[in-house]
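Have a look at the structure below, then the notes.
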Amino acid sequence: MKFSHSITLNASPEWREHYLAYSHLKKLIYAIEKATLGLDQLPVDHHDLENGTLPPAHIYQGASLETPQADSIRDEAPSEQTPLLPAGMESVTAVGKLSLQDANDFFERALDEELDKIKNFYTEKELDLLADVQALINEIRSVEKYEESYLVGLSDAFDSSQVPSLHLMSPALPPPQVGLESVREEPLSYSIACGSNPSAASATTTMAFLGSTVDATKTSPTSSASESMMEDLSQSKPSLIKRATTIGPILHSSNPNISLQSSVSPNATDRRRVYSENFDDAIGMTPDASRPGYLTFLIWSSKGLRNHRQRFQKRVIGLFVVLCELRDYVDIHETGFSKVLKKYEKVVGAKLKHSYMAKVELSYPFLNRTKEALAKIIDRVIGIYARIATDGKAGLALTELKSHLRDHIVWERNTIWRDMIEQERRRETIGLRPNAMTGDALGLSKFVPIKIGTITLYLPNVIPANFLVILLATAVLIGIIQYRVLPTPEQNGCFAILIFASILWAFEALPLFITSILVPLLVVVLRVQRKNGERLSAHDAAKQIFSDMFGPVIMLLLGGFSLAGALSKHNIAKEAAAIILGRAGSKPQWVLLANMFVSTFSSMWISNVAAPVLCFSLVSPILRNLPHKSRYARCLVMGIAMAANVGGMASPISSPQNIIAMANMNPPPSWLQWFTIAIPICLVIDTCIWALLLLVYKPDEGAAPPELYGQEHFSSRKMSCTQIYILCVTVATIGLWCAESSIEGIVGDMGVIAIIPIVAFYGTGILTKDDWNSMLWSVVMLAMGGIALGKAVDSSGLLAFITDIFSPYLEELPLLYSIALLTGVVVIITSFISHTVGALIILPVVAQIGASLSDPRPRTLVMAAALLCSGGMALPVSSFPNMNAISLEDPTGVPWLRVVDFLQIGILSTGIAWLSVMSIGYTIMTVIEFG
Numbered sequence: 001m002k003f004s005h006s007i008t009l010n011a012s013p014e015w016r017e018h019y020l021a022y023s024h025l026k027k028l029i030y031a032i033e034k035a036t037l038g039l040d041q042l043p044v045d046h047h048d049l050e051n052g053t054l055p056p057a058h059i060y061q062g063a064s065l066e067t068p069q070a071d072s073i074r075d076e077a078p079s080e081q082t083p084l085l086p087a088g089m090e091s092v093t094a095v096g097k098l099s100l101q102d103a104n105d106f107f108e109r110a111l112d113e114e115l116d117k118i119k120n121f122y123t124e125k126e127l128d129l130l131a132d133v134q135a136l137i138n139e140i141r142s143v144e145k146y147e148e149s150y151l152v153g154l155s156d157a158f159d160s161s162q163v164p165s166l167h168l169m170s171p172a173l174p175p176p177q178v179g180l181e182s183v184r185e186e187p188l189s190y191s192i193a194c195g196s197n198p199s200a201a202s203a204t205t206t207m208a209f210l211g212s213t214v215d216a217t218k219t220s221p222t223s224s225a226s227e228s229m230m231e232d233l234s235q236s237k238p239s240l241i242k243r244a245t246t247i248g249p250i251l252h253s254s255n256p257n258i259s260l261q262s263s264v265s266p267n268a269t270d271r272r273r274v275y276s277e278n279f280d281d282a283i284g285m286t287p288d289a290s291r292p293g294y295l296t297f298l299i300w301s302s303k304g305l306r307n308h309r310q311r312f313q314k315r316v317i318g319l320f321v322v323l324c325e326l327r328d329y330v331d332i333h334e335t336g337f338s339k340v341l342k343k344y345e346k347v348v349g350a351k352l353k354h355s356y357m358a359k360v361e362l363s364y365p366f367l368n369r370t371k372e373a374l375a376k377i378i379d380r381v382i383g384i385y386a387r388i389a390t391d392g393k394a395g396l397a398l399t400e401l402k403s404h405l406r407d408h409i410v411w412e413r414n415t416i417w418r419d420m421i422e423q424e425r426r427r428e429t430i431g432l433r434p435n436a437m438t439g440d441a442l443g444l445s446k447f448v449p450i451k452i453g454t455i456t457l458y459l460p461n462v463i464p465a466n467f468l469v470i471l472l473a474t475a476v477l478i479g480i481i482q483y484r485v486l487p488t489p490e491q492n493g494c495f496a497i498l499i500f501a502s503i504l505w506a507f508e509a510l511p512l513f514i515t516s517i518l519v520p521l522l523v524v525v526l527r528v529q530r531k532n533g534e535r536l537s538a539h540d541a542a543k544q545i546f547s548d549m550f551g552p553v554i555m556l557l558l559g560g561f562s563l564a565g566a567l568s569k570h571n572i573a574k575e576a577a578a579i580i581l582g583r584a585g586s587k588p589q590w591v592l593l594a595n596m597f598v599s600t601f602s603s604m605w606i607s608n609v610a611a612p613v614l615c616f617s618l619v620s621p622i623l624r625n626l627p628h629k630s631r632y633a634r635c636l637v638m639g640i641a642m643a644a645n646v647g648g649m650a651s652p653i654s655s656p657q658n659i660i661a662m663a664n665m666n667p668p669p670s671w672l673q674w675f676t677i678a679i680p681i682c683l684v685i686d687t688c689i690w691a692l693l694l695l696v697y698k699p700d701e702g703a704a705p706p707e708l709y710g711q712e713h714f715s716s717r718k719m720s721c722t723q724i725y726i727l728c729v730t731v732a733t734i735g736l737w738c739a740e741s742s743i744e745g746i747v748g749d750m751g752v753i754a755i756i757p758i759v760a761f762y763g764t765g766i767l768t769k770d771d772w773n774s775m776l777w778s779v780v781m782l783a784m785g786g787i788a789l790g791k792a793v794d795s796s797g798l799l800a801f802i803t804d805i806f807s808p809y810l811e812e813l814p815l816l817y818s819i820a821l822l823t824g825v826v827v828i829i830t831s832f833i834s835h836t837v838g839a840l841i842i843l844p845v846v847a848q849i850g851a852s853l854s855d856p857r858p859r860t861l862v863m864a865a866a867l868l869c870s871g872g873m874a875l876p877v878s879s880f881p882n883m884n885a886i887s888l889e890d891p892t893g894v895p896w897l898r899v900v901d902f903l904q905i906g907i908l909s910t911g912i913a914w915l916s917v918m919s920i921g922y923t924i925m926t927v928i929e930f931g
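Now the structure itself:
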C-alpha cells in the first residue's frame, strides 16, 4: 500500500478526485486473480467491485448446489453465527476459470477509464494555467509601458538649464496620454510541432498558446492590481522627475558613447533593475523598439510601490506552485500506471505492462513534447519572478519559488529489518497505553489502604506478573550477595548476576536487551572480574568489560545484518527465492518442499530472524486464496517456520546464537568448517520434517487452488547494476570469511572482514542512515550483554567452579554420551525460552565442561550445543520463526496455527534435530578433527 499512501500524501487536495484510483485497481487485481483461478466471478462492471455488489460464486468440493446441505445454506439468512464454510467443506474447486486474455481485456477497460480521466483533467487544467500566465505577462507589460511612456513625456519637457529647479516642477503635470487599449499585446511566440502522430492532432487546441494568441477575453491586461499600480505610479512624481533628470539626456542624446551606467549614480544603479532585450526574450516578452536598450523600472524597486509589487509576486508564486503540481501530477501517474501494471503481472501472471505503457506514453499528458512545453512555461514564470522580485537573478528566483512548494514524500523500499520492526510495533506496541507518570504503566494506579496498628500502608490492588518477577529477581540478587553461597566474593557476585539475568531473560519481565545492558553495570559495581588472581578495581573492570563487549563477533553480526539489508532492500533475496518457487509446480508436496528449502537457504544469509518475514510474503498469493482452516495452509506455514529454525544452524550469521557460539570457541571455526558440519545436517532435518508434515497434514488430499505458481509469476528479470554490485560484494565477503584462516596474518579476524560490506553498502548509498538506524540493535545489545556475562563468568572463576562440580560425573561417561546428555539439556531448555537467551546462559558453561572432559573436545561440544539451540522448536515462544508463524492470520483474521500444531509437529521436529546432530554432526566433527 505504500504507493497508494504516496498518492494520498503528495496529491493536491483540490485535485484529489482526479488522481488514479490506485487502491481500487489493486482490489480489482485480486478479484481477477480469484477469477482466473476459478474461485470467484468478476462483475460485469468493475465499479460493482467497489460498491460491494460482486456476485458470490463459491462452489465447494464434496457438496453440489443440489444437496440438502447446500440448500439449507442458500435458504438461511446469513447471521453472525453462520459459518464461512459448511462443515467438512474446506477446499475450493476451481470452476469457470477466466482466461488470461479476458482478464487483460477486463483490466484494460478499467485502466482506459482512469487514463481518460487523467488526460481530460490535465488538458483542462493546462489551458486554464496558460491563459493565466498570458494574462500576467500582459499586465506586466501594461504597467511597464505606462511608466515608460510617462518618463518619455517628462523627458520631452526636459531643459538642462533648469535642472536645479526640476524638483519644484508642478505636481499637476499631466501624464502622457497613453491608454491601456493602445498597449500592443504580443502572443507567446514559440511553438512545438505536433508531428504526424494521429494523437497529436487532438492536442493542437490545448497547445494553442505555443503557436497563436490566447483568447483575448482570458488575457485582458486591465486588472485591479495593474490599474491601482498605475495610479500610485502617477502619484510618485518626485521620484520620476528625479529619474527623468538622469535619463533625459540619454533619451535625447545622439552620442552613442553616453550610457545609463555612466549617468546614474552607483547607488541608484544598485537599487534599480536594468533590463536588456535578451532578458525580455527569456521570459517570452517581445522587446519594444521604442524603448531604450537599457531602462530601469521604478515599479519593481520603489519602496512606495511595495504592496502592489507583492500582489504581482503572490500571483507568480501561485502560478509556479500550480504548474509544478501539474508537472508532478504527470510524473506520479506515469509511476502509478507502471506500478499497478507490474502488480497485475505479478499477481495474475498475464503480460500487459509493456503494451499498455506504450499506450500511456502516447497519451497527451505523457508525451515528451507536452512535458517540454510545461517545463518551458515554468521557466517563463521563473523569469517573470526574477524580473519583478530578485533583480533579474534567475537562480535566486528559483530558490525563493521552490520554498513555497510542498515537500514531496518519497517512499523508499524497506530493508527486512524495517519490515520486522513494523510488524513488531503493529503486533505489540501500538495500542492505548496509560500514562507512565501515574504508575499505570505497571498497573499500580489503584491502591488499597491497609492499616497495621497506627500505620496505614497503601498497596496496589493488582500486582502485574512482570513486576513480581522483577521483585523476585532483585530479591534473589540481594539474597545471594548478602548470604555468600560460593567460596570467593567474585564467584558469589557473578553467580548472583547469572541467576538475576537468567530469571529476567527467561520470563522476559524486562525487554531482553535491557537485561543485557544491566549486566555490565552489575559486573562493574559488584567487582566480579579478576586478572592474574587479583580483583579488578571498578575503573579497570569498566574498561575491561566494555572492551570485551564490542569485539570482533559484534562486527561480524553487523556485517551480516548489512548483507541481509542490501539483499532484501534491492529484492535480490526475494527474486532468487521466487525463481526457485516458480519451478516448484503446483502440487502441494513440492510447493511445501521448495518453500522449506528456500526458508533454510534464506536464513543462511539474512538470518532466521528475518527469513520467515520474506518467505511468508512469498507464499501470500497461496494463503489468500485458500479457505479457512485449510490443512494445506497450516502445513505450509508450519513448514516455513520449522525450516527457518533449521536454517538458524546453517551459517555463522544465520542466528544470534551462532554468534554467541563463535565467541565461546577458541579458536572460532572458519566458515568452511561450519558449512561442512551444518549443511548436511540441515538437509537431512528439512527432508525429515517435510515427510512428517505430509504424514500429519496430508495437504494433497484436499484440492488446493490450481496453478498458483506458474512460470509467469516469477519470471526472472534482467539484473540492475546495483544488484550486480551487491552480489559481487556479498560473494567476495563470504569468500574472504571462508578463507579467513589462510589470510589471518593480513585481516586478523573475521570481524575485520565484516567492515567491507558495511563500507561498500553504506558508503555508496545503497543502504542509508535510516537503514542503519533500523537495524536490529536490540539483538546486537543482547549479544553484547551475553558476551559480557560470559567473560565475567570466566574471569570471576565461577565457570571453573561449576565445571569442577559436573566433571566427575561426566568423566566416566563416553564422549558421545556426555555430548548427548548436555545437548539434550540444551534442547529442552531452549524449547521453553528463546534460543538466543538459552545460548547466552548455557554455552559458556558447556565450553568449560567440554574442556574438562577426559577427552577434551570443547569446540565439538559448543558446536553441537549451538546447533541444538536452534533445534528447540516445540513451542510458539521458542524462536523468532515460531513467533512469526503463530501471528500469521487468514483473511478472516483467525491465526492459521494453534499451539497444538507446535506441540504436535514441534516436539517431533526437535527430536529429529537432536538425533541428526548426534549422528551426522558428531560423525562429521570427528572426521574433520574439529576439536
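All residue numbers in the sequence shown are consecutive under full-length UniProt numbering, ending with 931.
Heads up, the beta-carbon is just placed ideally off N, CA and C, and yes, glycines get one too.
Report task. Would you check if the segment 866-873 and the segment 639-653 touch, i.e. whether three or more CB-CB distances between them fall below 8 angstroms? Result -> yes
Query raised in the report: What is the DSSP secondary structure of residue 629, counted as helix, strand or coil?
Result: coil
Requested in this report: Have a look at residue 761 and residue 566 and give me their C-alpha separation to the nearest angstrom.
Outcome: Taking the straight line joining both Cα atoms gives about 7 angstroms.
**Report entry** Exposure label - residue 531; buried when at least 16 CB within 10 Å
**Finding:** exposed
Query raised in the report: Taking just the CA atoms, how far does residue 132 sit from residue 611?
Result: 56 angstroms
Query raised in the report: Just to confirm, are residue 513 and residue 782 a CB contact at a threshold of 8 angstroms?
Result: A contact, by the Cβ cut-off of 8 angstroms.
Query raised in the report: Under three-state DSSP, which class holds residue 907?
Result: helix
Report task. List the endpoints of the continuous alpha helix (DSSP H) containing residue 552. Result -> Unbroken alpha helix (DSSP H) run through residue 552: 552-569.
**Report entry** Local conformation of residue 178 per DSSP, three classes
**Finding:** Legend: pLDDT at residue 178 = 34, less than 50; position of this residue unreliable, value from coordinates given subsequently. Residue 178 falls in the coil class under three-state DSSP.
Report task. Report the rounded CA-to-CA distance for residue 600 versus residue 675, giving the unit in angstroms. Result -> So the two alpha carbons sit approximately 13 angstroms from each other.
Requested in this report: Determine the DSSP secondary structure at residue 288, reduced to helix, strand or coil.
Outcome: Residue placement at residue 288 cannot be trusted, given a pLDDT of 47 that sits under 50; what the coordinates show is reported in the next sentence. The answer is coil: DSSP assigns residue 288 none of H, G, I, E or B.
Requested in this report: Please confirm whether residue 588 and residue 700 have their CB atoms less than 8 angstroms apart.
Outcome: yes
Query raised in the report: Are residue 576 and residue 618 touching if we call contact CB-CB under 8 angstroms?
Result: no
Query raised in the report: Around the Cβ of residue 449, are there at least 16 other Cβ atoms within 10 angstroms (buried) or fewer (exposed)?
Result: exposed
Report task. Report yes or no: do three or more beta-carbon pairs, one from the segment 900-907 and one from the segment 878-887, lie closer than 8 angstroms? Result -> yes
Query raised in the report: How many angstroms separate the CA atom of residue 593 from the CA atom of residue 687?
Result: 8 angstroms
Query raised in the report: Hey, how far is the Cα of residue 848 from the Cα of residue 545?
Result: 20 angstroms
Query raised in the report: Mapping DSSP to helix, strand and coil, what is residue 139?
Result: helix
**Report entry** Sequence-distant residues of its chain with Cβ nearer than 8 angstroms to residue 932 (five each side left out)
**Finding:** Residue 932 lies beyond the residue range present for the chain, which begins at 1 and ends at 931; the question has no answer from this structure.
Query raised in the report: Just to confirm, are residue 378 and residue 323 a CB contact at a threshold of 8 angstroms?
Result: yes
Query raised in the report: Do you know offhand how far residue 729's Cα is from residue 490's?
Result: 46 angstroms
Requested in this report: Would you mind sorting residue 333 into buried or exposed? The rule is 16 or more other CB atoms within 10 Å of its CB.
Outcome: buried
Query raised in the report: Touch check for the segment 10-30 and the segment 338-350: three-plus C-beta pairs under 8 angstroms?
Result: yes
**Report entry** Own chain, CB closer than 8 angstroms to residue 784, minus 5 neighbours either side, in chain order
**Finding:** Around residue 784: 516, 549, 550 and 554.
Report task. Classify residue 832 as buried or exposed, calling it buried when 16 or more other Cβ atoms lie within 10 Å of its own Cβ. Result -> Residue 832 counts as exposed, since fewer than 16 other beta carbons sit within 10 angstroms of its beta carbon.
Query - For residue 455, three-class secondary structure by DSSP - result: strand
Query raised in the report: Near residue 641, what residues of its chain come up, given a Cβ to Cβ distance below 6 angstroms and the 5 sequence neighbours on each side ignored?
Result: 881, 882 and 885
Requested in this report: Please list the segments of the alpha helix (DSSP H) lying wholly inside the segment 865-927, counting only runs of 4 or more residues, in order along the chain.
Outcome: 880-886, 907-916 and 922-927
Query raised in the report: In the structure shown, what three-state DSSP assignment does residue 667 receive?
Result: coil
Query raised in the report: Identify the residues that DSSP records as bridge partners of residue 859: which are they?
Result: Its beta-bridge partners do not exist; DSSP assigns none.
Query - Whole-angstrom distance between residue 126 and residue 361, CA atom to CA atom - result: 18 angstroms
Query raised in the report: Taking contact to mean at least 3 C-beta pairs separated by less than 8 angstroms, is the segment 469-486 in contact with the segment 738-755?
Result: no
Requested in this report: Indicate the three-state DSSP secondary structure (helix, strand or coil) for residue 812 in the structure shown.
Outcome: Residue 812 carries a coil assignment under DSSP once its states are collapsed to helix, strand and coil.
Report task. Would you give the residue range spanned by the alpha helix (DSSP H) that residue 623 belongs to? Result -> 620-623
Query raised in the report: What is the rounded straight-line gap between the Cα of residue 633 and the Cα of residue 38?
Result: 18 angstroms
Query - Sequence-distant residues of its chain with Cβ nearer than 6 angstroms to residue 528 (five each side left out) - result: Excluding residues within five positions, the ones whose Cβ falls inside 6 angstroms are 490, 493, 494, 792 and 796.
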